[in-house]
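**Student:** Chains A and B, in that order, are what the protein sequence lines are.
The numbering of the first sequence is my numbering, which starts it at 175 and goes up by one.
The numbering of the second sequence is my numbering, which starts it at 175 and goes up by one.
Glycine is no exception: its CB is placed at the ideal position from the N, C-alpha and C atoms.
The structure displayed is predicted, hence computed values, not measured ones.
Starting off with a structure, shown below.
There are 2 protein chains.
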Amino acid sequence: MRLVVARCSVLYEGRLAASLQEATRLIMVKADGCVAIHSDSGAYKPLNWMTAPNVLTETPLHWTVTGSRGERLVITMHEVLSDSAYDLGRDPGLEKDGVEAQLQALLAERPHVLEVGMVTIRREYPTALGPVDLLCRDANGIAVAVEVKRRGEIDGVEQLTRYLEFLNRDPLLAPVRGVFVAQEIKAQARTLATDRGFLCVEVDYDDLRSLPSNILRLF
Amino acid sequence: MRLVVARCSVLYEGRLAASLQEATRLIMVKADGCVAIHSDSGAYKPLNWMTAPNVLTETPLHWTVTGSRGERLVITMHEVLSDSAYDLGRDPGLEKDGVEAQLQALLAERPHVLEVGMVTIRREYPTALGPVDLLCRDANGIAVAVEVKRRGEIDGVEQLTRYLEFLNRDPLLAPVRGVFVAQEIKAQARTLATDRGFLCVEVDYDDLRSLPSNILRLF
DNA sequence: GTGTATATCTCGGGG
DNA sequence: CCCCGAGGTATACAC
């Protein structure tokens, strides 16, 4: 990790063309070759950046960063205020809790929380439009497509609608019901989902985790 | 802009719960109060961050950053390797050269590339749901709503669907056809668009620019 | 403020 | 390698 504070101006040509007038900024060069130019405001997005892999060519006046697909970033250095480097080593990485993938996994093993008698057929059931989160079968043997979201919003309902439209054309599956599951379902999404005949289920992540898994019950 | 390089571990509780094991990282504190924690790899996204407005409480062992809606970031400092601050001043900001807007402008002047006999009625035709990129009329005098994207994905097809649903309620326009244009249309988006009866057109930006404009032909 | 559309999105997973 | 979906998306803009 190299940190350079400098008065500089910048030109970027690649996926678009953009430029920065002269000002004092932080230039961050990471060990993997990524370069980011930060001002003193704005949450985490840099003004300009280049993703690895890169080639950095350095002269006292100009830094030229060349990317893999014709992208180019040229930094003109007017005055370098600071230039330091640190070896940070490899990072163990972020550990997340409570994201959609975990919610999906928990539900796949506990489909009965959606409805009594529900059984999981498979996760990530493929369709021409992409994979359905869960494909289940209800107590009556009817196929059920389940869309899992952390926060249930309208686009999730649209997604489920698209899947069902296609699944219902498959004579081996049809008719297929829809279930919309989320930790929190927004009022507008619930209205739309209910209007389209989907069952809406709100689940609590911690409650779910504490429930026994159907998979374990088999033994 | 304050830059701290430190061996640290981190806890985040807010929109989700996440943690970072002990490692050496860069902690960036911007003048507006934003805090970002960077490892030595990855494009520009920090491992953890807090967006302004924030309150930063600092003790030798712990930094606690408290956000506006119950978000909290706790950094435990095991060893500070460097701690420096710079006054960068205000940044004049990034000047961009647009892409999608230019694509739309080029198509507005060359609607015949979409279909023989197509004529532009207007750009950014307003509806209650937002502006339709282009409203045209085909060789048979039928109204055509055109959605322009750099990359054609399913979201764009949904967008066009919503516009058409609305436009087709206007007796002065109905029936309205849909055309989905992009430099590249993804297979799934094409499947959905075709299924809904939309014409899909892929255009090349440079080819388009080299074609004569209909506007100029009028003179 | 809320909602919508965009992004040089980034990032991770699966084929 | 590309494709696809999710994100604590962030960010700009309209309402």
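Secondary structure at E245/A, three-state DSSP: helix, strand or coil?
**Tutor:** coil
**Student:** Taking K204/B as the reference, give the member of T198/B, Q195/B, V178/B and L373/B with the closest Cα.
**Tutor:** The candidate whose alpha carbon is nearest that of K204/B is V178/B.
**Student:** For the stretch 357-368 of chain B, which residues have a beta carbon sitting closer than 7 Å to at least one beta carbon of chain A?
**Tutor:** Q362, T365 and L366
**Student:** Give me the Cα-Cα distance between T368/A and T198/A, rounded to the nearest whole angstrom.
**Tutor:** 54 Å
**Student:** Within 10 angstroms of the Cβ of A361/A, are there 16 or more other Cβ atoms? Answer buried if so, exposed if not.
**Tutor:** exposed
**Student:** Quick check: what's the CA-CA separation for R189/A versus V293/A?
**Tutor:** 47 Å
**Student:** Cβ atoms of A363/A and V331/A: under 7 Å apart, would you say?
**Tutor:** In this structure, V331/A places its C-beta atom within 7 Å of the C-beta atom of A363/A.
**Student:** Check whether chain B comes within 7 Å of L390/A, counting only Cβ atoms and requiring the distance to be less than that.
**Tutor:** Confidence is the limiting factor: at L390/A the pLDDT is only 47, short of 50, which leaves the residue's position unreliable, though a coordinate-based value still follows. No, no contact with chain B.
**Student:** Do A282/A and R297/A count as a contact pair if the criterion is CB distance below 7 Å?
**Tutor:** yes
**Student:** Could you tell me if R396/B is buried or exposed, where buried requires 16 or more neighbouring beta carbons within 10 angstroms of its beta carbon?
**Tutor:** Any property of residue 396/B remains undetermined from this structure, which presents chain B solely from 175 to 393.
**Student:** By Cβ distance below 6 Å, which residues in the same chain neighbour L373/B in space, the five residues on each side in sequence not counted?
**Tutor:** V353
**Student:** Quick one: what's L230/A bridged to in DSSP?
**Tutor:** V239/A
**Student:** Can you list, in chain order, the residues of its chain whose CB lies under 7 Å from that of T335/B, leaving out five sequence neighbours each side?
**Tutor:** R370
**Student:** Output yes if chain A places a C-beta closer than 7 Å to the C-beta of S242/B; else output no.
**Tutor:** no
**Student:** Mind listing, in chain order, the continuous alpha helix (DSSP H) runs of no fewer than 4 residues lying wholly within the stretch 302-344 of chain B?
**Tutor:** Taken in chain order, the complete alpha helix (DSSP H) segments of 4 residues or longer contained in the stretch 302-344 of chain B are 328-341.
**Student:** Indicate the three-state DSSP secondary structure (helix, strand or coil) for L268/A in the structure shown.
**Tutor:** strand
**Student:** CA-CA distance, N228/A and L277/B?
**Tutor:** 29 Å
**Student:** List, in order along the chain, the chain A residues whose C-beta lies closer than 8 Å to that of W223/B?
**Tutor:** Residues of chain A with a Cβ closer than 8 Å to the Cβ of W223/B are, in chain order, A217 and Y218.
**Student:** Going along the chain, which residues of the stretch 250-269 of chain B sit with their C-beta nearer than 9 Å to a C-beta in chain A?
**Tutor:** L255, S256, S258, Y260, D261, L262, G263, R264, D265, P266, G267, L268 and E269
**Student:** Go ahead and pull the three-state DSSP assignment for V384/A.
**Tutor:** Note on identity: in this sequence residue 384/A is Ser, with Val being the wrong assignment. Helix at S384/A.
**Student:** So for V350/B, helix, strand or coil by DSSP?
**Tutor:** V350/B: strand per DSSP, three-state reduction.
**Student:** Under 7 Å between C-beta atoms, does Q333/B make it to chain A?
**Tutor:** no
**Student:** When you compare the CB of T301/B with every CB in chain A, is at least one pair closer than 7 Å?
**Tutor:** no
**Student:** Rank Q357/B, L347/B, A210/B and D312/B by C-alpha distance to the C-alpha of L239/B and give the top, closest one.
**Tutor:** It should be noted that the sequence gives Val, not Leu, for residue 239/B. Residue A210/B is the option with its Cα nearest to V239/B.
**Student:** Less than 7 Å between the beta carbons of L268/B and A192/A, yes or no?
**Tutor:** The answer is yes: Cβ separation under 7 Å.
**Student:** Give me the residue from D307/B, N222/B, S215/B and G304/B with the minimum Cα distance to D265/A.
**Tutor:** S215/B
**Student:** If you reduce the DSSP assignment to three classes, tell me which class Y218/A lands in.
**Tutor:** Three-state result, Y218/A: coil.
**Student:** Which of the three DSSP states, helix, strand or coil, is assigned to Y379/A?
**Tutor:** Helix, per DSSP.
**Student:** With a threshold of 16 other CB atoms inside 10 Å of the CB of K323/B, please say whether the residue is buried or exposed.
**Tutor:** buried
**Student:** Taking only beta-carbon atoms, is S183/A less than 7 Å away from chain B?
**Tutor:** no
**Student:** Could you tell me the distance, in whole angstroms, from the CA atom of V348/A to the CA atom of T250/B?
**Tutor:** In the sequence under discussion, the amino acid at residue 348/A is Ala, which differs from the Val named in the question. Distance between the alpha carbons of A348/A and T250/B is about 55 Å.
**Student:** Would you please verify whether the beta carbon of V278/A is less than 7 Å from any beta carbon of chain B?
**Tutor:** Strictly speaking, residue 278/A in this sequence is Gln, with Val absent from that position. False, the Cβ-Cβ gap to chain B never drops below 7 Å.
**Student:** How about L235/B and L194/B: do their beta carbons lie closer than 7 Å?
**Tutor:** no
**Student:** Distance, Cα to Cα, T231/B vs E253/B?
**Tutor:** 18 Å
**Student:** Quick check on L277/A: does DSSP put it in helix, strand or coil?
**Tutor:** helix
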